[in-house]
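As structure tokens, the structure follows; a few thoughts come after it.
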Amino acid sequence: MLCLHGGGQTAYMWEELGAALRDRYHVLAPDLPWHGDSDPVDDMSRQLLAATISALMQEFGLSRVALVGASLGGLVSLALAVARPELVAAITLVDIAHRLDDEGVKRIIDFMGKHESFGSLEEAAAEVAEYLPQRKQVRVDSLRRNLRQRADGRWEWKHSYGRRLRAAELPVERGGWRKLVAGLDDELRTVGCPVLVLRGSASDVVSNEGAEEIVGMLADARLATIEAAGHHAAGDNPESTTNLVRGFLTDVSW
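Counting from 1 along the sequence shown, just add 1221 to a position and that's the residue number in our numbering.
Okay, structure coming up:
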């Protein structure tokens, strides 16, 4: 099983799912380029990111995997299934679709642009808790894995979004983020593997209608809801996410 995190996150977002499923699966969770401890790349398109994942699979000797992708990781999962269908046995998409709610995406962008760094881990936890009202608990020890301490003592995210937003290097205010889903409608119809579409019940990024639409575009897909969860559903309700993923992979005999 290969788990791909969302934009602005790291592989550690999957620590609870990985721990719960490791008795049955070999669970790998890499940091995508520009995130965590991975190096940057020239382009952030879903196709180029998918190429880095196929290269990773080759490096690890993986011939076929079940993918679990949250948000950006879901787009990368779909791109890999389109480009290299022989590598993908099944996909779980966590709160991502072919069309996204503008206000929900703007809230994510605003948070990343506003909070480039924090004076302490406790300050970071407080800001994240306010940003994620569905999250029962924001653990400081978990946040530490997603932040790094600078020479001036402040803590910054292990991704470049905040800095790049402040430097106007990302044209998100002009709708540049839409490039990530451009052309996805046509590609969805070519995905042949089984797909589970998970939507957070309180998501402000993927509407229920959008989730139903993407299921209708895929050849073999089903929809389920992660209760008591927003867009960051896997972290808001990891137990439900894990149970739904486990049940899906059992159903498709993986």
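All C-beta atoms, glycine included, are put in the ideal place defined by N, C-alpha and C.
For clarity, every value in this text was computed on a predicted model and none was experimentally measured.
Three-way DSSP call (helix, strand, coil) for residue i in this model
i       : result
Ile1330 : helix
Ala1310 : strand
Gln1370 : strand
Ala1445 : strand
Gly1325 : helix
Gly1294 : helix
Glu1377 : strand
Leu1249 : strand
Residue i classed as buried or exposed, judged by whether at least 16 other C-beta atoms fall within 10 angstroms
i       : result
Asn1367 : buried
Arg1420 : buried
Glu1394 : Here Glu1394 scores only 49 on pLDDT, less than 50, and its place in the model should not be relied on; the value that follows carries that caveat. When all chains shown are included, Glu1394 counts as exposed.
Asn1429 : exposed
Thr1471 : exposed
Pro1306 : exposed
Beta-carbon gap between residue i and residue j smaller than 9 angstroms
i       : j       : result
Ala1250 : Leu1270 : no
Val1416 : Leu1314 : yes
Ile1330 : Val1412 : no
Met1234 : Leu1288 : no
Ala1450 : Ala1291 : no
Ile1447 : His1319 : no
When the options are compared against residue i, the one with the closest alpha-carbon
i       : options                            : result
Leu1342 : Lys1327, Gly1374, Ser1422          : Gly1374
Ala1304 : His1256, Ala1442, Ser1275          : Ser1275
Trp1255 : Thr1446, His1380, Ala1454, Glu1434 : His1380
Asp1406 : Asp1258, Ser1259, Ala1372, Ile1317 : Ile1317
Val1426 : Arg1285, Gln1355, Gly1325, Glu1236 : Gly1325
CB contact check: residue i to chain E, cutoff 9 angstroms
i       : result
Met1278 : In the structure shown, chain E does not exist; there is a single protein chain.
Taking contact to mean at least 3 C-beta pairs separated by less than 8 angstroms, is the stretch 1273-1293 in contact with the stretch 1353-1365? Judged by Cβ distances under 8 angstroms, the stretch 1273-1293 makes no contact with the stretch 1353-1365, as fewer than three pairs qualify.
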